[in-house]
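*Asks:* Chains as they are written, first to last, in numbering that gives the first Met the number 0: chain A, 0 to 209; chain F, 0 to 220. Just passing along the structure, written as structure tokens.
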Amino acid sequence: MVSRFPHRTGDDVDEPVTEACRRTHQDRWRRRRLLQRQLHDGAALRISALTLRLGLLEHRAAPDGQAVQDCIGELQDELHAVLEELRDVAAQIYPPLLDEAGLGPALREVVATLQAPVAVVASEERFGAAAEGAAYFAVLQCLAAQPAGAPSMKVVVRRETDTLMLSVSGVDAFHAELIDDQVRPLGGIVEVITGSLPGASTVIARIPCE
Amino acid sequence: MRVALAEDGTLFREGLLMLLRAVGHQVVCSAADGDELVALLTTTPADVAILDIRMPPEPDGGLITAERLRAAHPDLGLLFLSHYAESHYLMRILEIGTESIGYRLKEKVGSVEVLTDTLNRIGNGEIVIEPVLAKRLVDRTRGDKKDVVAALSDREQEVLRLMAEGRSNNGIAGQLYITPKAVEKHIANIFVKLGLHIDTAAHHRRVLAVLTYLRSQRNQG
């Protein structure tokens with residue numbers, strides 16, 4: 000059964016998203032991407048440069064400054080830990096790999112990191128910061144909502160003229176809501192093909208893109 | 000060693016320059032982007048080029064620059080530095096070359112020991128892979144492979160991780176304080192258990208086989 004999400008009944012008819020709302024949300028995604036770049040070019044670069052200066056100090060402390068060298072090594076490890084935390088924050092704001100390489104590489108990397116049984120089919124095509132951001136986080140929400148031991152999911156990303164088509168199969172119909180939350184503010188439309196068994200539904204989102 | 004350097008962040012570039020010089024390397028040229036470095040290297044000989052992945056020409060100028068450098072100077076070693084250790088970039092790097100090539104996190108080369116080890120190994124023709132990434136690849140295999148890797152002994156897992164870092168048999172032996180002969184035995188066992196049949200004499204092909212095994216997923220649609 001194919002149905003448009005959300006299910007429209009009686010007076011409960013959803014207002015279409017206005018052009019102004021779409022623009023606001025597009026700007027929001029661009030700002031998120033900018034914040035991530037700022038983290039990379041600013042704080043992260045400064046901290047990395049600091050480890051180099053510590054290395055210089057370590058070199059100068061040699062050869063009879065073993066205690067100092069150990070202490071410097073510990074500081075460098077600590078800075079690595081700080082950077083790992085910044086990377087974690089950046090990934091939640093706007094994944095750097097999504098920014099640099101697009102949906103295919105970013106989704107493949109994240110399913111590998113989460114060890115999730117997900118097949119990703121996507122070309123190297125680009126769709127702009129907003130559509131890519133919304134599609135990426137929509138898939139991430141679906142992954143987070145998958146019950147443990149769920150069968151494998153399949154994610155397909157494709158261009159249909161001026162829309163990004165995202166299809167997520169091997170999920171339940173309720174996943175449509177998670178995807179809708181992400182794509183609706185951008186004027187996206189979500190469709191559900193309900194399967195006869197749990198975890199056998201497909202959610203298809205079409206998001207206007209660049 | 001004669002080192003060439005391209006990095007668009009001034010603070011990091013100057014810091015690395017000072018550290019390289021302090022530990023006795025000769026920095027033959029440094030540039031703020033890839034195109035400038037390619038131009039400088041047409042007249043200046045170097046042993047290793049250190050490249051920031053994310054620099055002009057955007058968005059990943061380090062990779063484009065490396066392709067051009069490898070074509071023009073096949074013997075020039077290449078070391079990629081990045082703020083991120085991602086398997087996506089590792090695979091792109093290995094498409095550029097599998098000898099005298101390395102990929103490390105920026106903050107890790109601040110350690111003199113790491114910097115020296117990395118440059119020496121690249122100078123010796125090896126592949127150098129960021130241990131943070133190698134560990135992630137070994138620890139996060141999926142599906143059937145997860146069980147296969149989990150079934151390896153602790154020592155075999157250590158050897159697998161060091162192989163994924165691109166280390167040679169002697170390198171692995173040195174890290175684990177065991178003989179190269181013992182390393183060979185572990186590697187033979189690992190290859191049988193993983194079901195890989197590869198000419199183990201060719202170092203770079205072996206590293207590639209291990210990385211491909213760790214990264215690929217069965218039933219990928």
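C-beta: ideal position from N, C-alpha, C; glycine also. As the structure is a prediction and not an experimental result, all values here were calculated from the model.
Could you tell me which chain F residues have their CB closer than 9 Å to the CB of A:T50, listed as they occur along the chain?
*Replies:* Counted from its first residue, the first sequence places residue 50 of chain A at position 51. The answer, in chain order, is G14, K105, E106, K107, V108, G109, S110.
*Asks:* Can you find a CB in chain A that lies within less than 8 Å of the CB of F:L62?
*Replies:* By one-based count along the second sequence, residue 62 of chain F stands at place 63. Chain A contact via Cβ: absent.
*Asks:* Give the range of the alpha helix (DSSP H) segment to which F:S86 is assigned.
*Replies:* As a first step, residue 86 of chain F is located in the second sequence; it is residue number 87 there, counting from the start. Residues 86–95.
*Asks:* Do you know offhand how far A:R125's Cα is from A:L102's?
*Replies:* To locate residue 125 of chain A, count along the first sequence from 1; it is residue 126. To locate residue 102 of chain A, count along the first sequence from 1; it is residue 103. Looking at the two C-alpha atoms, the distance is approximately 8 Å.
*Asks:* Along the chain, where does the alpha helix (DSSP H) containing F:A71 start, and where does it finish?
*Replies:* Taking the second sequence and counting its residues from 1, one reaches residue 71 of chain F at position 72. First-last of the alpha helix (DSSP H) with F:A71: 60–71.
*Asks:* Please report whether the beta-carbon of F:R17 lies at a distance below 8 Å from any beta-carbon of chain A.
*Replies:* As a working mapping, residue 17 of chain F is identified with position 18 in the second sequence. For the record, residue 17 of chain F in the displayed sequence is Met; it is not Arg. Closer than 8 Å to some Cβ of chain A, the Cβ of F:M17 qualifies, so yes.
*Asks:* For A:G9, which of helix, strand or coil comes out of DSSP?
*Replies:* Reading the first sequence from its first residue, position 10 is the one you call residue 9 of chain A. Legend: pLDDT at A:G9 = 45, less than 50; position of this residue unreliable, value from coordinates given subsequently. In this structure, A:G9 counts as coil in the three-state DSSP scheme.
*Asks:* I'd like the list of long-range same chain contacts for A:I203, defined as Cβ closer than 6 Å, with 5 residues on each side in sequence excluded.
*Replies:* One-based indexing of the first sequence puts residue 203 of chain A at position 204. The residues are S166, E190.
*Asks:* Cutting at 6 Å between CB atoms, please list the residues of its own chain near F:N218, excluding the five before and the five after it.
*Replies:* For this step, residue 218 of chain F is matched to residue 219 along the second sequence. Low local confidence applies: a pLDDT of 39 at F:N218 is under 50, so the model's placement there is unreliable, and no value is given.
*Asks:* Step through the CB atoms of chain F and report whether any lies within less than 8 Å of the CB of A:A204.
*Replies:* In the first sequence, the residue the question calls residue 204 of chain A occupies position 205. For A:A204, the answer is no, since every Cβ of chain F falls outside 8 Å of its Cβ.
*Asks:* Can you list, in chain order, the residues of its chain whose CB lies under 6 Å from that of A:A130, leaving out five sequence neighbours each side?
*Replies:* The residue you call residue 130 of chain A lines up with position 131 of the first sequence. Cβ neighbours of A:A130 beyond the five flanking positions: L163, I206, C208.
*Asks:* Does the count of Cβ pairs from the region 89–102 of chain F and the region 31–48 of chain A closer than 8 Å reach three?
*Replies:* The region 89–102 of chain F, when compared against the region 31–48 of chain A, does not touch it at the 8 Å Cβ threshold.
*Asks:* Considering just the uninterrupted stretch of the alpha helix (DSSP H) at F:L207, what are its terminal residues?
*Replies:* Within the second sequence, residue 207 of chain F is the residue found at index 208, counting from 1. Taken as a continuous stretch (DSSP letters only), the alpha helix (DSSP H) holding F:L207 covers 202–214.
*Asks:* Using beta carbons (cut-off 8 Å, strictly below), is A:I192 in contact with chain F?
*Replies:* Sequence index remark: in the first sequence, residue 192 of chain A carries index 193 (1-based). It does not: the Cβ of A:I192 has no partner Cβ on chain F nearer than 8 Å.
*Asks:* Quick one: which chain A residues come within Cβ less than 9 Å of F:P56?
*Replies:* Start at 1 with the first residue of the second sequence, and residue 56 of chain F comes out as number 57. Correct list: empty, because the minimum Cβ distance to chain A is about 13 Å.
*Asks:* Go through its chain and collect everything with a Cβ distance to F:H82's Cβ below 6 Å, but skip five positions before and after it.
*Replies:* Indexing the second sequence from 1 puts residue 82 of chain F at position 83. Within the same chain, F:H82 has close Cβ partners K105.
*Asks:* Where does F:H196 land, buried or exposed, given buried means 16+ other C-beta within 10 angstroms?
*Replies:* For the purposes of this step, residue 196 of chain F is identified with residue 197 of the second sequence, where counting begins at 1. With fewer than 16 other Cβ atoms within 10 Å, it is exposed.
*Asks:* Would a check of beta-carbon distances place A:H58 closer than 8 Å to chain F?
*Replies:* Along the first sequence, one-based indexing puts residue 58 of chain A at 59. Cβ-Cβ to chain F under 8 Å: yes for A:H58.
*Asks:* May I ask you to list, following chain order, the residues of the region 29–48 of chain A that have a beta carbon less than 8 Å from some beta carbon of chain F?
*Replies:* If the cut-off is 8 Å between Cβ atoms, the region 29–48 of chain A has H39, D40, A43, L44, R45, I46, S47, A48 near chain F.
*Asks:* Given a threshold of 16 other Cβ atoms within 10 Å of its Cβ, counted over all protein chains shown, does A:D11 qualify as buried or as exposed?
*Replies:* For this step, residue 11 of chain A is matched to residue 12 along the first sequence. Unreliable positioning characterises A:D11 in this predicted model, as indicated by a pLDDT of 48, which lies under 50. A coordinate reading is not provided.
*Asks:* What are the boundary residues of the beta strand (DSSP E) that A:M164 is part of?
*Replies:* Within the first sequence, numbered from 1, the residue matching residue 164 of chain A stands at position 165. 162–170 is the extent of the beta strand (DSSP E) around A:M164.
*Asks:* List the endpoints of the continuous alpha helix (DSSP H) containing F:V108.
*Replies:* The residue labelled residue 108 of chain F in the question sits at position 109 within the second sequence. Looking at the DSSP string, F:V108 is not in any alpha helix (DSSP H), and its letter there is neither H nor E.
*Asks:* Relative to chain A, which residues along the region 67–89 of chain F have a C-beta separation below 8 Å, given in chain order?
*Replies:* Listed by position along the chain: H82, Y83, E85, S86, H87.
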